[in-house]
RNA sequence: GCCACGGUGGAGAAAUCGGUAAACUCAGCAGACUUAAAAUCUGCCGGCCACCAGGCCUUGCGGGUUCAAGUCCCGCCCGUGGUACCA
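Numbering (the numbering used here), first residue to last: 135 to 997.
Here is the structure:
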């Protein structure tokens with residue numbers, strides 16, 4: 135073996151070995167237990183960034199560890215290849231998204247391979263491949279048949295200059311990112327998937343996912359947002375309107391007697407009716423329709439309203455209630471109308487104060503004074519209050535009042551209790567080119583007709599170049615023009631494509647069944663569910679909820695036999711980097727990569743200002759944020775790999791922080807990871823040249839026994855840390871092992887202790903830095919392939935010790951230590967502590983009030 | 001705004017059950033080796049007080065529970081992720 139650590143040579147050799155031996159190609163014919171380890175598939179943005187390296191190294195460490203523990207491990211990889219960035223790149227470089235995407239895939243695949251991940255590449259898939267997305271189309275048609283997919287209108291961000299739909303990401307401060315034009319809300323028809331039909335199951339099944347982080351389950355539960363309340367109506371009679379009821383939903387029916395107004399969404403029929411002969415109101419409604427559709431914008435904007443001049447009747451008292459239009463009422467949520475109870479709802483309170491609407495208290499809490507001057511938390515407290523000034527409901531508590539009022543509404547046929555979800559159905563239509571075509575045909579005679587299964591896939595043309603003004607598919611006559619599958623007459627193809635979350639909702643199942651001429655086949659039931667799923671915390675809600683929904687829909691269509699796709703979930707923390715941007719003259723935003731920017735710091739190291747190196751003009755510092763193509767703040771690991779090797783990059787990534795924690799990028803410390811690997815190599819060389827000693831002598835000197843004990847203790851700790859995926863401390867355990875081996879004292883058996891301890895070190899380190907460990911394992915003659923080695927376990931005999939040291943505290947402060955026999959009785963320990971010189975010093979003129987003994991840890995004397 | 005998570009030395013971090021705060025590493029400082037540099041090795045490295053012995057303080061801020069709090073409870077501040085068309 136070479137004396138010097140030559141990373142690139144070692145890595146090439148190890149990768150060649152794995153390729154030749156087909157080490158990571160797996161199948162279902164194994165007598166080992168299966169283990170499906172899956173990392174979220176990357177978007178092929180051009181180059182890997184540090185977030186990818188982190189994600190895939192975590193997955194690889196888990197995969198290799200489980201493999202050495204005797205599992206049949208599947209670890210596949212693929213490409214989330216449809217999406218917006220390809221269209222943006224196309225506009226910038228005049229390259230078709232298809233070419234850009236496939237070029238990126240080729241480059242990034244090469245990068246992944248150079249990192250030495252234990253991937254089964256024969257299962258690779260790209261979601262932009264017609265052989266993949268045909269099954270999106272096929273399944274969409276099945277959902278259409280089952281009524282899970284349906285059509286209704288959706289509200290989108292509209293750029294009036296580019297005449298195009300904008301993604302939320304493309305709306306910055308209410309303006310289109312390219313044009314700077316004020317964004318408008320526009321209604322378009324679109325297809326929805328009825329995820330709300332599964333809301334109860336999606337919520338309930340969270341309890342059956344003990345391997346998911348609590349925080350993710352909490353977020354999903356809140357997102358689904360099940361509530362029980364009452365849906366009821368305010369009756370009205372308004373000339374020119376056929377309907378005679380204004381429906382609302384509330385969880386606080388107990389405050390119904392405090393209603394002083396109603397508010398409807400700008401798109402509500404009552405608003406439209408009132409506006410038809412009220413230009414001021416029409417103008418206000420138009421104003422409500424300006425701005426983006428984002429929830430964060432809706433929630434933070436100033437709450438505004440305008441009276442419609444219409445009124446409805448209180449369902450119980452019959453009193454006239456004014457109807458307002460409110461910019462904060464969402465048509466897409468419930469019935470697009472809400473009751474206003476200013477006394478007991480904080481938002482209604484602010485609204486009433488602003489417009490001088492009456493505030494009527496109907497819930498009181500003993501000893502607390504209600505005042506309309508300022509909002510107080512208890513006004514909305516469901517638990518403490520009782521009804522007042524509410525007629526026959528006076529004195530009832532919240533739940534009794536809700537029950538009584540719901541019953542009265544029911545008897546009047548004006549409402550009933552209802553379970554409500556915050557979750558909305560999943561709108562999947564996108565007015566974009568680079569996505570999976572929705573397999574429908576529009577015929578003047580037959581209406582909307584599904585493309586027959588035999589004609590799937592509807593293939594997306596590969597050579598379009600978007601220009602930012604709408605979907606180029608609509609201009610492609612050869613795509614759009616077709617004949618109706620039903621009547622044969624000329625017809626037009628649907629040009630909307632599917633949300634890319636469709637692509638990623640079932641790819642994990644397709645990995646299991648490469649080459650199947652169905653969506654999936656029986657092999658999926660061998661591998662699924664995924665035993666360990668690893669991906670960014672940013673997917674905690676949407677991707678993970680859609681995948682769970684999709685799995686249940688596939689199950690209900692008889693395609694798979696499992697209920698949940700991901701048994702265990704590890705949510706990786708984001709890798710963050712600094713963000714710099716500038717708004718140009720047109721009002722659009724340009725981002726600068728950190729290396730394109732020069733920083734000025736204050737004395738404390740805080741960023742004061744930044745200028746672009748290119749032109750010396752100032753750029754705005756946007757703080758830190760997740761590495762992304764669009765913000766141009768990704769760091770390419772390539773130079774790291776070239777300079778130090780894949781093992782150093784992998785080790786450093788694992789060492790830097792625990793997987794779930796957010797990581798602010800900095801490359802200081804990479805050098806240290808490299809130094810460590812060089813020392814590991816040097817130790818291997820030293821052991822090899824001084825001769826490998828397999829047999830430990832019958833007895834060891836106390837010093838050597840201590841070295842051996844330390845390494846076995848570290849092994850015990852590392853094994854524990856592996857079970858909880860805390861790889862940073864596994865990495866530091868291997869560093870501590872090396873420190874101990876290097877300091878191994880002279881004496882009989884030194885070679886044997888070093889040989890044994892180093893074999894432990896290599897195996898524990900091998901999932902993190904597989905190349906160097908592969909080389910050392912072979913070169914030192916431990917075996918042919920470290921992948922086939924058994925995972926090390928600490929040896930009890932090596933851990934044994936006769937005495938232990940306990941911390942001695944007086945009044946909770948550390949004052950010294952005592953040494954006792956292992957397993958000594960509490961009374962004995964107490965006596966040793968009290969007799970100690972340190973304790974005696976503190977006991978002069980007083981006595982111990984209490985002595986707390988924590989076995990194996992400490993003694994605390996309270997005086 | 002709302003939901004979730006986080007905040008520990010100059011930096012990344014560790015501390016498994018409420019039991020020695022800062023393991024391991026980076027940066028820095030001092031030294032050894034060297035003609036020199038690189039590499040390597042050794043020592044120091046939270047703050048204040050002290051001649052030493054040692055003492056006091058310190059886990060974003062303010063309170064609380066406890067023999068004992070980074071860890072548990074209450075109230076704030078700041079940061080990150082998500083917020084349904086970024087993926």
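Where is the CB? At the ideal position from N, CA and C, for every residue including glycine. The structure presented is a predicted model; accordingly, all values stated were derived computationally and were not measured.
Excluding sequence positions up to five away, which residues of its chain have a Cβ less than 7 Å from the Cβ of residue 454?
445, 447
Which term fits residue 159, buried or exposed, when burial requires 16 or more other beta carbons within 10 angstroms of its beta carbon?
exposed
Near residue 977, which residues of its chain fall below 6 Å by C-beta distance, leaving aside the five closest residues on each side in sequence?
none
Rounded to whole angstroms, what's the CA-CA distance from residue 726 to residue 765? Just pull it up for me.
8 Å
Taking Cβ positions, are residue 203 and residue 661 nearer each other than 8 Å?
no
Drop a sphere of 10 angstroms on the beta-carbon of residue 517, count the other beta-carbons inside from all chains shown, and report buried for 16 or more, exposed for fewer.
exposed
Below 8 Å between beta carbons: does that hold for residue 654 and residue 646?
yes
Helix, strand or coil for residue 417? Go by DSSP, reduced to three states.
helix
Where does residue 912 sit, in a helix, a strand or coil, going by DSSP?
helix
For the segment 218–235 and the segment 767–784, state whether three or more C-beta atom pairs, one from each stretch, are separated by less than 8 Å.
no
Output the distance between the C-alpha atoms of residue 761 and residue 746, rounded to the nearest integer angstrom.
C-alpha separation (whole angstroms): 19 Å.
Taking DSSP as the reference, what is the three-state secondary structure of residue 401?
coil
Mind reading off the beta-carbon distance from residue 996 to residue 945? Whole number of angstroms is fine, and I expect it under 8 Å.
Their Cβ separation, rounded to whole angstroms, is 6 Å, which keeps residue 996 and residue 945 in contact under 8 Å.
Tell me where the alpha helix (DSSP H) around residue 891 begins and ends.
884–899
Is it buried or exposed for residue 644, if we count other Cβ within 10 angstroms and need 16 for buried?
buried
Pick out the complete alpha helix (DSSP H) segments inside the segment 733–808, 4 residues or longer, and give them in chain order.
772–778, 780–790
Is it true that the CB of residue 271 sits closer than 8 Å to the CB of residue 606?
No, Cβ-Cβ distance for residue 606 and residue 271 is not below 8 Å.
In terms of residue numbering, what span does the beta strand (DSSP E) encompassing residue 554 cover?
549–554
Whose C-beta lies closer than 8 Å to the C-beta of residue 192 among residues of the same chain, with five residues either side of it excluded?
Within the same chain, residue 192 has close Cβ partners 173, 668, 704, 706, 788, 793, 859, 861.
Quick one: which unbroken alpha helix (DSSP H) runs of 4-plus residues sit fully inside the segment 164–213? Chain order, please.
184–202
Which first and last residues belong to the alpha helix (DSSP H) in which residue 617 is found?
Element bounds for residue 617: not the alpha helix (DSSP H) but the beta strand (DSSP E), 615–617.
According to the Cβ coordinates, are residue 145 and residue 781 closer than 8 Å?
yes
Under 8 Å between the Cβ atoms of residue 364 and residue 247?
Contact: no.
Hey, how far is the Cα of residue 523 from the Cα of residue 492?
15 Å
Among 531, 754, 627, 720, whose alpha-carbon lies nearest the alpha-carbon of residue 732?
754
Could you tell me which residues DSSP puts in a beta bridge with residue 563?
632
When you compare the CB positions of residue 343 and residue 698, do they come within less than 8 Å of one another, or not?
yes
Taking a contact to mean a Cβ-Cβ separation below 8 Å, would you say residue 614 touches residue 608 in this structure?
yes
Quick one: what does DSSP say residue 604 is sitting in, helix, strand or coil?
coil
Output needed for residue 292: all residues of its chain with C-beta closer than 6 Å, excluding positions within five of it in sequence on either side, in chain order.
318, 320
To the nearest angstrom, report how far apart residue 729 and residue 602 are at their CA atoms.
28 Å
Helix, strand or coil, according to DSSP, for residue 159 in the structure here?
coil
In terms of DSSP beta bridges, what is residue 450 paired with?
In the DSSP assignment, no residue is bridged to residue 450.
Mind pulling the alpha helix (DSSP H) runs of 4 or more residues that sit fully within the segment 277–352?
333–338
Enumerated in chain order, which unbroken segments of the alpha helix (DSSP H) with a length of 4 residues or greater are wholly contained in the segment 214–271?
218–227, 231–248
How would you call residue 739, buried or exposed, if buried means at least 16 neighbouring beta carbons within 10 angstroms?
Confidence is the limiting factor: at residue 739 the pLDDT is only 48, short of 50, which leaves the residue's position unreliable and the question unanswerable from this model.
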